[in-house]
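Single-structure report; data block below.
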Amino acid sequence: MAFLMQIFGTPNFRRAGESAIVLDCEEYDQATQQRLGTLARAAQARPEVREAVVGAGNLTLLFDRNVTTYDALRDELERAWVNARIDDTAVRTIEIPVLYGGDEGFDLRTVAQTCGLDEGAVVALHSDAEYLVGFVGFLPGFAYLDGLDSRLHLPRRTQPRTRVPAGSVAIARSQSAVYPFDSPGGWHVIGRTAQRMFDPDREPAALLQPGDRVRFVAV
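Counting from 1 along the sequence shown, just add 20 to a position and that's the residue number in the working numbering.
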């Protein structure tokens, strides 16, 4: 499907230092993140682009000043924004096995009670959804996954934990995520996976990339 400028609006462009350009969008939503992911993948294949980083409603390109200029790259990005197309055949769908509840998902019972559901319904709603990797941040390999069923939307915990185990599958607000390392965190943990989310010896090191589709599979 083609995305037209009048539907998405004109993004803002700004410099970030001498060799970076940032494309800022007015809103954060799945369609915008898909579009940014498409542009990032195309940009990463170009020799003048050293790195493409998708954020929440934005895209940052680090470029080689010996090969191109800010103005030239901005012109190309403006054209790419108008002409970007989502190729569903190129989108990866990654399944992540999850052991829900118990010692692995120590917030599942509380989540169920707060949402007015039983634990099985929470698991079903979480695992039936298809998620989009909006962007990766906070920690290496920590992907923000859009697509959480609205019946599971909860604010973050009022008191974050000082340690959330690596592999913890969690939810907060309208998103889900998997903690790649032991770390502090304020999301509600409903399960855990043995899938390694970040491996420095793997290319790319982060399992999930912007634009990927994700499904959780109860085991």
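Backbone N, C-alpha and C fix where the C-beta goes; we use that ideal spot for every residue, glycine too.
Worksheet item: Just how far apart, CA to CA, sit Asp127 and Ala92?
Response: 50 Å
Fill in: DSSP three-state assignment for Glu71, whether helix, strand or coil
strand
Discussion item. Using the three-state DSSP reduction, which class does Thr182 fall into: helix, strand or coil?
Written reply: strand
Worksheet item: Applying the criterion that 16 or more other CB atoms from any shown protein chain within 10 Å of the CB defines a buried residue, is His146 buried or exposed?
Response: buried
Discussion item. I need the DSSP call for Thr80, collapsed to helix, strand or coil.
Written reply: strand
Discussion item. Counting C-beta neighbours from all protein chains within 10 Å, is the total for Ala133 16 or more, i.e. buried, or is it exposed?
Written reply: Looking at the sequence shown, residue 133 is not Ala but Gln. Exposed is the call here.
Practice prompt. Alpha carbon to alpha carbon, how far is Arg193 from Leu174? Give it in angstroms, no decimals.
Written response: 5 Å
Item to complete: Put Arg35 into one of helix, strand or coil per three-state DSSP.
Response: strand
Worksheet item: Quick one: Cα of Ile191 to Cα of Val234, how far?
Response: 14 Å
Discussion item. Taking the straight line between their C-alpha atoms, what separation do you get for Val189 and Ala40?
Written reply: 34 Å
Discussion item. Measuring CB atoms only, is the region 63-78 touching the region 153-165, in the sense that at least three cross pairs come out at less than 8 Å?
Written reply: yes
Discussion item. Let me check one thing: in DSSP terms, what residues is Arg235 bridge-paired to?
Written reply: Glu115
Item to complete: Kindly indicate which three-state DSSP category Tyr151 falls into: helix, strand or coil?
Response: strand
Item to complete: Find out if the Cβ-Cβ distance for the pair Pro230, Gly77 is shorter than 7 Å.
Response: no
Worksheet entry | DSSP state of Gln26 mapped onto helix, strand, coil | Its pLDDT being 36, under 50, Gln26 is placed unreliably by the model, and nothing is read from it.
Worksheet item: How is Asp219 classed by DSSP in three states: helix, strand or coil?
Response: coil
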